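Under UniProt numbering, the sequence shown has 217 at position 217, and the numbering climbs by one with no breaks.
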Amino acid sequence: MKQFLTFSFLGTALGYAHRKRQDGPVDSSTSPDCTWYDTALDSSYDCAYFESMWALTHEQFVSYNPSVEDDCSGIVVGNSYCVEVNYGTPLPTPTTAEPTATASPKPSPTQEGLADTCTAFYMAATGDSCQKIVDKYRTFTVDDFLTWNPAVGEDCAGLWAEYYYCVGVPGTPTTPLPTPTTTPTPTGPSPTQDGIVENCTTFYQAAKGDTCQKIVSKYGTFTQEDLITWNPALGDDCSGLWAEYYYCVGVPGSPTTRPTTSTSTSTATTSSGPSPTQTGIIGTCTSFQKAVKGDTCAAIAQEHGTFTLDEFLEWNPAVGSDCSGLQIGYYYCVGIPGTPTEPPATTTTATNPGCTSAPTPTQPGVSCSCKKWHKVVSGDTCASIQIEYNISVANFNKWNPGVGSDCSTLWLGYNVCVRM
1 MKQFLTFSFL
11 GTALGYAHRK
21 RQDGPVDSST
31 SPDCTWYDTA
41 LDSSYDCAYF
51 ESMWALTHEQ
61 FVSYNPSVED
71 DCSGIVVGNS
81 YCVEVNYGTP
91 LPTPTTAEPT
101 ATASPKPSPT
111 QEGLADTCTA
121 FYMAATGDSC
131 QKIVDKYRTF
141 TVDDFLTWNP
151 AVGEDCAGLW
161 AEYYYCVGVP
171 GTPTTPLPTP
181 TTTPTPTGPS
191 PTQDGIVENC
201 TTFYQAAKGD
211 TCQKIVSKYG
221 TFTQEDLITW
231 NPALGDDCSG
241 LWAEYYYCVG
251 VPGSPTTRPT
261 TSTSTSTATT
271 SSGPSPTQTG
281 IIGTCTSFQK
291 AVKGDTCAAI
301 AQEHGTFTLD
311 EFLEWNPAVG
321 SDCSGLQIGY
331 YYCVGIPGTP
341 TEPPATTTTA
351 TNPGCTSAPT
361 PTQPGVSCSC
371 KKWHKVVSGD
381 TCASIQIEYN
391 ISVANFNKWN
401 PGVGSDCSTL
411 WLGYNVCVRM
């Protein structure tokens with residue numbers, strides 16, 4: 001007897017060094033006096049393994065685990081089985097008939113509200129989540145888990161490591177559900193917002209600073225209306241765009257390449273207009289210009305000198321009030337019926353006849369006492385000139401009132417004052 005107890009203790013010590021206590025589901029019929037468990041990790045864990053590893057007789061093992069038949073059938077891979085009762089010491093002889101167990105042994109600690117009918121338990125480990133536990137067993141759903149363990153909360157924020165949770169009730173399958181043999185429908189990356197179309201084939205992860213129009217411009221294969229239809233959580237004004245989230249940018253039938261466009265930058269005058277253009281462009285447009293690298297809304301207005309910046313924004317609303325939606329390679333309206341075809345005629349001499357030293361042409365209202373001039377070239381803006389010559393906005397507008405407070409009438413090829 002002494003030799004048997006020593007061997008049993010040694011087996012227990014070895015098991016302690018290699019196994020966790022009860023780290024798999026436990027059948028409800030398992031001995032309620034069980035004090036140590038081992039888990040069947042694969043099909044090689046049979047009666048012979050448990051009985052040899054833990055120095056048990058066959059009668060002891062099946063008596064501790066009534067779910068295991070005398071022929072050793074009933075062992076479920078992943079479940080934990082009792083290999084020691086009453087810490088290895090004999091149980092006292094009962095003076096009365098022992099009642100039949102009506103509930104599973106409940107380990108400790110557990111949280112409040114755990115299902116009374118629970119038949120299988122799992123100790124949560126650091127890093128676990130409700131979904132991870134569900135994926136581990138594949139015999140119940142997240143909703144089932146939350147119902148059996150209400151203290152974890154709907155967001156699973158109350159899941160605590162080293163606590164036991166219910167992972168089975170009467171009727172719960174004891175083996176994982178078979179994996180479908182058909183290829184599942186792709187669900188796409190995560191995170192995504194609610195309502196994204198189910199038939200999405202292409203996704204894009206939004207970056208900080210992105211706008212709907214920037215995403216549309218990046219791909220050039222769909223419109224902003226398409227983007228919002230596929231991703232309704234964005235909202236009509238795109239205020240729901242979140243950085244680091246994935247958005248649908250393609251569905252079956254979406255083009256995979258940008259539309260072919262002409263390489264010419266000359267103005268088109270066809271009634272239907274060139275392509276691509278952005279949505280919302282005015283229907284009465286008679287003249288178009290393709291945006292090139294370095295263009296801004298103000299620069300386009302200045303280059304033509306026949307319309308204001310406000311008019312350009314009105315004809316091309318998709319660029320936005322701050323012009324952040326201007327896309328290279330897209331055509332924009334630069335004229336409607338009644339728009340002048342040439343900039344307003346101006347005098348080729350200084351406004352003040354006494355300013356004989358001023359170059360020509362200059363814009364109306366330029367200061368006669370100007371000491372230094374700058375000839376406007378393509379790509380210039382009021383801001384770029386002010387930076388180049390270290391001029392304040394107030395002084396530049398004071399010396400050159402003809403450019404307008406919004407700089408919409410800064411004309412290409414004309415001279416402006418940059419030093420007094």
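The beta-carbon is built from N, C-alpha and C at its ideal position, and this holds for glycine as well. Bear in mind that the values here come from a model prediction, so they are computed numbers and not experimental data.
Check your understanding: Hey, quick one: how far does the beta strand (DSSP E) through Trp373 stretch, first residue to last?
Key -> Counting from 1 along the sequence shown, the entry for residue 373 is found at position 373. For Trp373, the enclosing beta strand (DSSP E) has its first and last residue at Lys372 to Lys375.
Practice item. Tell me Arg419's beta-bridge partners as DSSP assigns them. Key: Along the sequence shown, read from residue 1 onward, the residue named residue 419 stands at position 419. Answer is Lys372, bridged to Arg419.
Check your understanding: Nearest-angstrom Cα distance between Lys293 and Phe145?
Key -> Here residue 293 is taken as the residue at index 293 of the sequence shown, counted from 1. Here residue 145 is taken as the residue at index 145 of the sequence shown, counted from 1. Here the C-alpha atom of Lys293 lies approximately 56 Å from the C-alpha atom of Phe145.
Point to revise | Inter-residue Cα distance where the pair is Asn79 and Pro150 | key: The residue labelled residue 79 in the question sits at position 79 within the sequence shown. The residue labelled residue 150 in the question sits at position 150 within the sequence shown. In this structure, the alpha-carbon of Asn79 lies about 24 Å from that of Pro150.
Practice item. Assign Leu41 to one of two classes, buried (16 or more other C-beta atoms within 10 Å of its C-beta) or exposed (fewer than that). Key: The count along the sequence shown starts at 1 and reaches residue 41 at position 41. Label assigned to Leu41: exposed.
Practice item. Express the C-alpha separation of Cys118 and Ser44 in angstroms, rounding to a whole number. Key: Counting from one through the sequence shown, the residue named residue 44 turns up at place 44. Counting from one through the sequence shown, the residue named residue 118 turns up at place 118. Taken atom to atom, the span from the alpha-carbon of Ser44 to that of Cys118 is near 28 Å.
Review point. Is the beta carbon of Phe288 less than 8 Å from the beta carbon of Val216?
Key: Mapped onto the sequence shown, residue 288 falls at position 288. Mapped onto the sequence shown, residue 216 falls at position 216. For Phe288 and Val216, no; Cβs fall outside 8 Å.
Point to revise | Expected contact under 8 Å - CB spacing of Gln302 and Leu410 to nearest Å | key: For this step, residue 302 is matched to residue 302 along the sequence shown. For this step, residue 410 is matched to residue 410 along the sequence shown. Correct: roughly 4 Å between the Cβ atoms.
Check your understanding: For Gly168, which three-state DSSP category applies?
Key -> Indexing the sequence shown from 1 puts residue 168 at position 168. DSSP places Gly168 in strand when its eight states are reduced to three.
Review point. Counting pairs of beta carbons, one from the segment 321-334 and one from the segment 206-224, are three or more of them closer than 8 Å?
Key: Output reads yes: the segment 206-224 touches the segment 321-334.
Review point. Nearest to Glu162 by CA position, among Ala124, Gly195, Pro170 and Trp148, is which residue?
Key: On the sequence shown, residue 162 is found 162 positions in, with the first residue counted as 1. It is Ala124.
Review point. How about Ala206: is its Cβ closer than 7 Å to a heavy atom in the ligand FMN?
Key: Looking for the ligand FMN in the displayed structure turns up nothing, as the structure carries no ligands at all.
**Study point:** Separation of Val319 from Gln193, as counted between CA atoms
**Key:** Here the question's residue 193 lines up with position 193 in the sequence shown. Here the question's residue 319 lines up with position 319 in the sequence shown. Distance between the alpha carbons of Gln193 and Val319: 26 Å.
Practice item. With DSSP as the reference, label Phe121 as helix, strand or coil. Key: By 1-based counting over the sequence shown, the position of residue 121 is 121. In this structure, Phe121 counts as strand in the three-state DSSP scheme.
Check your understanding: Per DSSP, what kind of secondary structure is Lys290 in: helix, strand or coil?
Key -> Mapped onto the sequence shown, residue 290 falls at position 290. Lys290 falls in the strand class under three-state DSSP.
Practice item. Can you give me the start and stop residues for the beta strand (DSSP E) that Tyr331 sits inside? Key: Residue mapping note: residue 331 aligns to position 331 of the sequence shown, counting from 1. Note, Tyr331: beta strand (DSSP E), Tyr331 to Gly335.
Practice item. Measure the C-alpha to C-alpha separation of Asn231 and Gln278 and round it to an integer number of angstroms. Key: Residue mapping note: residue 231 aligns to position 231 of the sequence shown, counting from 1. Residue mapping note: residue 278 aligns to position 278 of the sequence shown, counting from 1. Going by the C-alpha atoms only, they are around 19 Å apart.
Practice item. Leaving aside the five residues before and after Asp27 along the sequence, list all residues of the same chain whose C-beta is less than 6 Å from its C-beta, in chain order. Key: On the sequence shown, residue 27 is found 27 positions in, with the first residue counted as 1. Closer than 6 Å at Cβ, skipping near neighbours: Ser67.
Point to revise | Cβ pair count under 8 Å reaching 3, the segment 156-174 against the segment 128-139 | key: These segments touch.
Practice item. Using 10 angstroms around the beta-carbon of Gln363, count the other beta-carbons present and answer buried if the total reaches 16, otherwise exposed. Key: The sequence position of residue 363 within the sequence shown is 363, counting from 1. Counting other Cβ atoms within 10 Å of its Cβ, Gln363 reaches 16 or more and is therefore classed as buried.
Review point. Can you name, in chain order, every residue of its own chain whose Cβ lies under 7 Å from the Cβ of Gly24, other than the five neighbours on each side?
Key: For the purposes of this step, residue 24 is taken as the residue at position 24 of the sequence shown. Close CB contacts of Gly24 within its chain, under the 7 Å cut and outside five residues either way in sequence, are with Thr39, Gly78, Asn79 and Ser80 (chain order).
Check your understanding: What three-state label does DSSP hand Thr223 in the structure shown?
Key -> Position 223 of the sequence shown holds residue 223. Under the three-state reduction of DSSP, Thr223 is assigned to coil, being neither helix nor strand.
Review point. Residues bridged to Tyr64 by DSSP?
Key: Indexing the sequence shown from 1 puts residue 64 at position 64. Tyr64 is not bridged to any residue.
Review point. How should Glu388 be labelled, buried or exposed, when 16 other C-beta atoms within 10 angstroms of its C-beta is the threshold for buried?
Key: As a working note, residue 388 is residue 388 in the sequence shown. When all chains shown are included, Glu388 counts as exposed.
Check your understanding: If we count Cβ pairs, one from each stretch, closer than 8 Å, do we get three or more for the segment 153-160 versus the segment 193-204?
Key -> Short answer: they don't touch.
Review point. Counting along the chain, where does the alpha helix (DSSP H) carrying Thr147 start and finish?
Key: The residue labelled residue 147 in the question sits at position 147 within the sequence shown. Going by DSSP, Thr147 is part of the alpha helix (DSSP H) stretching over Val142 to Trp148.
Exercise for review: Could you pull out every residue in the same chain whose Cβ sits closer than 6 Å to the Cβ of Lys208, ignoring the five residues on either side in sequence?
Suggested key: Taking the first residue of the sequence shown as position 1, residue 208 is located at position 208. Beyond the five residues adjoining it in sequence on each side, Lys208 comes within less than 6 Å, by CB distance, of Ala243 in the same chain, given in chain order.
Exercise for review: In the DSSP assignment, find the unbroken beta strand (DSSP E) run with Cys200 in it and report its ends.
Suggested key: Along the sequence shown, read from residue 1 onward, the residue named residue 200 stands at position 200. Neither: Cys200 is in no beta strand (DSSP E) and is coded neither H nor E.
Exercise for review: Report the rounded CA-to-CA distance for Asp46 versus Ala233, giving the unit in angstroms.
Suggested key: Mapped onto the sequence shown, residue 46 falls at position 46. Mapped onto the sequence shown, residue 233 falls at position 233. Rounded to whole angstroms, Asp46 to Ala233 spans 54 Å at the Cα level.
Check your understanding: To the nearest angstrom, how far is it from the Cα of Glu98 to the Cα of Lys106?
Key -> Within the sequence shown, the letter at position 98 stands for residue 98. Within the sequence shown, the letter at position 106 stands for residue 106. Any reading at Glu98 needs caution, since the residue's pLDDT is 41, under 50, leaving its predicted position unreliable; the model's value is listed next. In this model, Glu98 and Lys106 are separated by some 19 Å (Cα to Cα).
Review point. Leaving out five residues before and five after Ser367 in sequence, what residues of the same chain have Cβ atoms less than 7 Å from its Cβ?
Key: To locate residue 367, count along the sequence shown from 1; it is residue 367. Taken in chain order, the residues that qualify are Trp399, Cys417 and Met420.
Practice item. Note down the Cα distance separating Leu412 from Val403, rounded to an integer number of angstroms. Key: Within the sequence shown, residue 412 is the residue found at index 412, counting from 1. Within the sequence shown, residue 403 is the residue found at index 403, counting from 1. Cα atoms of Leu412 and Val403: separation of roughly 11 Å, rounded to the nearest angstrom.
Exercise for review: List the DSSP bridge partners of Gly250.
Suggested key: Numbered from 1 along the sequence shown, position 250 holds the residue referred to as residue 250. Gly250 is bridged by DSSP to Thr202.
Check your understanding: Does the beta-carbon of Tyr137 have 16 or more other beta-carbons within 10 angstroms, so that it is buried, or is it exposed?
Key -> Taking the first residue of the sequence shown as 1, we reach residue 137 at position 137. With 16 or more other Cβ atoms within 10 Å, it is buried.
Review point. Alpha helix (DSSP H) containing Cys297: first to last residue?
Key: Working through the sequence shown from its first residue, we reach residue 297 at position 297. Cys297: member of the alpha helix (DSSP H) spanning Cys297 to His304, first to last residue.
**Study point:** Beta-bridge pairing of Tyr87 - partner residues as DSSP gives them
**Key:** Numbered from its first residue, the sequence shown carries residue 87 at position 87. According to DSSP, which records beta bridges pairwise, Tyr87 is partnered with nothing at all.
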